[in-house]
Amino acid sequence: MNRSPNLLKQILVAIVSCLAVILIHSIAPIQAQSQPVVAVKTVYYPIKGATAGQLRQQMNQLGPISQTSGQRFDARTDWYVRWNYQYLSQANSCQLTAIRVRADVSVTLPQWKQPANAAKGLVNRWNQYIKALRLHEDGHKDNGIATSQEILQLLKRFPAKSSCSELGVAANKAAQGIISQYNQRDLDYDRKTQHGVTQGAVFSG
Numbered sequence: 000m001n002r003s004p005n006l007l008k009q010i011l012v013a014i015v016s017c018l019a020v021i022l023i024h025s026i027a028p029i030q031a032q033s034q035p036v037v038a039v040k041t042v043y044y045p046i047k048g049a050t051a052g053q054l055r056q057q058m059n060q061l062g063p064i065s066q067t068s069g070q071r072f073d074a075r076t077d078w079y080v081r082w083n084y085q086y087l088s089q090a091n092s093c094q095l096t097a098i099r100v101r102a103d104v105s106v107t108l109p110q111w112k113q114p115a116n117a118a119k120g121l122v123n124r125w126n127q128y129i130k131a132l133r134l135h136e137d138g139h140k141d142n143g144i145a146t147s148q149e150i151l152q153l154l155k156r157f158p159a160k161s162s163c164s165e166l167g168v169a170a171n172k173a174a175q176g177i178i179s180q181y182n183q184r185d186l187d188y189d190r191k192t193q194h195g196v197t198q199g200a201v202f203s204g
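Just so we're aligned, residue 0 is where the sequence shown starts under numbering that gives the first Met the number 0, counting upward by one.
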């Protein structure tokens, strides 16, 4: 039987893009979303087996691969935050307008193709494990969504600058700082929960 010392790994990927920057020479109110657009999807990789050992081995062989260590883990959450805006230029001042922020979250989980004669005890054990696994990954998902919310609020109240180029550099740097903060929160969350172990996300063979 193969047993993973760490059953979970959440890979933090924050891809930032600032798009469609347009210079506007007019007086207009600042426009922005009330909330970021959030898209969450769950991706399943199928596993099969009739014993705990077989399921453990399948996850060891088929689980998502860490982009940093190259190891396989049972589950993974990726979040991507991106934003775009336009410039409102008037007199010697430039401010942000038409602000849009989007968060895309992808959660990868195992899905057991249960045999018709699966033992009831194993089914119950698996269901408890998946529930705990989802709980842990939800923590990472929530961090990604919170990142997008903070970035939106930051850009909505970002002070005007004397030039649009200066404004763009400053706004993007500040938003990237928020991403760095939440990347660290994800790392701290994994350390605190031992990658979900303290939340019950443990499945040994």
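Backbone N, C-alpha and C define an ideal beta-carbon position, used for all residues, glycine too.
Take residue i as the anchor and find which of the options has the nearest alpha-carbon.
| i | options | result |
| --- | --- | --- |
| residue 142 | 162, 168, 103 | 103 |
| residue 164 | 33, 84, 196, 126 | 84 |
| residue 101 | 194, 33, 46 | 33 |
| residue 179 | 80, 41, 53, 135 | 80 |
| residue 181 | 146, 174, 171 | 146 |
| residue 151 | 170, 162, 113, 186 | 170 |
| residue 96 | 58, 82, 86 | 86 |
| residue 99 | 162, 60, 149 | 149 |
| residue 89 | 161, 115, 75, 192 | 161 |
| residue 76 | 31, 112, 108 | 108 |
| residue 210 | 192, 156, 129 | Shown here, the chain extends from 0 to 204; a query on residue 210 therefore has no answer. |
| residue 91 | 159, 192, 62, 167 | 159 |
| residue 72 | 138, 144, 132 | 132 |
Taking all protein chains shown into account, decide if residue i is buried (16 or more other Cβ within 10 angstroms of its Cβ) or exposed.
| i | result |
| --- | --- |
| residue 190 | exposed |
| residue 36 | exposed |
| residue 203 | exposed |
| residue 140 | buried |
| residue 128 | buried |
| residue 4 | For residue 4, the predicted model reports a pLDDT of 34, less than 50, meaning its position is unreliable; a value from the coordinates is still stated below. Exposed: under 16 other Cβ atoms inside 10 Å. |
| residue 115 | exposed |
For residue i, does the three-state DSSP call read helix, strand or coil?
| i | result |
| --- | --- |
| residue 41 | strand |
| residue 102 | strand |
| residue 160 | strand |
| residue 116 | coil |
| residue 77 | strand |
| residue 83 | strand |
| residue 179 | helix |
| residue 32 | coil |
| residue 169 | helix |
| residue 96 | strand |
| residue 53 | helix |
| residue 89 | strand |
Where residue i and residue j are concerned, what is the direct C-alpha to C-alpha distance, given to the nearest angstrom?
| i | j | result |
| --- | --- | --- |
| residue 201 | residue 194 | 10 Å |
| residue 134 | residue 52 | 23 Å |
| residue 184 | residue 174 | 16 Å |
| residue 50 | residue 119 | 11 Å |
| residue 125 | residue 47 | 12 Å |
| residue 110 | residue 187 | 27 Å |
| residue 117 | residue 58 | 18 Å |
| residue 230 | residue 82 | Residue 230 is absent from the model: the chain starts at 0 and stops at 204. |
Considering only residues of the stretch 107-151, which uninterrupted alpha helix (DSSP H) runs meet the minimum length of 4 residues and lie entirely inside it, listed in chain order? none
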